[in-house]
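Residue numbers (the numbering used here): 67 to 207.
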């Protein structure tokens, strides 16, 4: 009986030792799980911060894109206005050139009349004065 009791006690100690080993293994695994959960929470916070930064940057990108579109629209309007102004200037310059040619022709006709000693007609003088006045007015612009 004693031997059985000793065997039972030995078996109990072995089982108790096994249980203690498993408890230590469970504690170690719980420690690892807790550490990983803390790391996971840290990573989650970093992820949320990165998502928030990305969203803010995306909103800024959209705002800058809107501003860029507005600037392009303004630029296109300025370019069109400039082109229209240049066209109008060319028209005015051509008109001035035409008027100068008309003045030169009228002056030539007056000169020819004076050389021929014919009196200058009133319509010639009026046309010449009108052309000179138009050129003076256009020169003010």
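Note that beta-carbon positions come from the ideal geometry of N, C-alpha and C, so glycine has one too. Here the structure is a predicted model, which means the values were calculated and not measured.
Report task. Could you check what DSSP says for residue 159 in three-state terms: helix, strand or coil? Result -> Secondary structure of residue 159 (DSSP, three-state): helix.
Report task. Could you check if residue 197 is buried or exposed, using at least 16 other CB atoms within 10 Å of its CB as the buried criterion? Result -> buried
Report task. Pick helix, strand or coil for residue 106, following the three-state DSSP scheme. Result -> helix
Query raised in the report: Can you tell which of 179, 181, 165 and 178 has the C-alpha that lies nearest to the C-alpha of residue 195?
Result: Here the closest residue by C-alpha is 165.
Report task. Between the Cα of residue 201 and those of 119, 90, 73 and 158, spot the shortest distance and give me the residue it belongs to. Result -> 158
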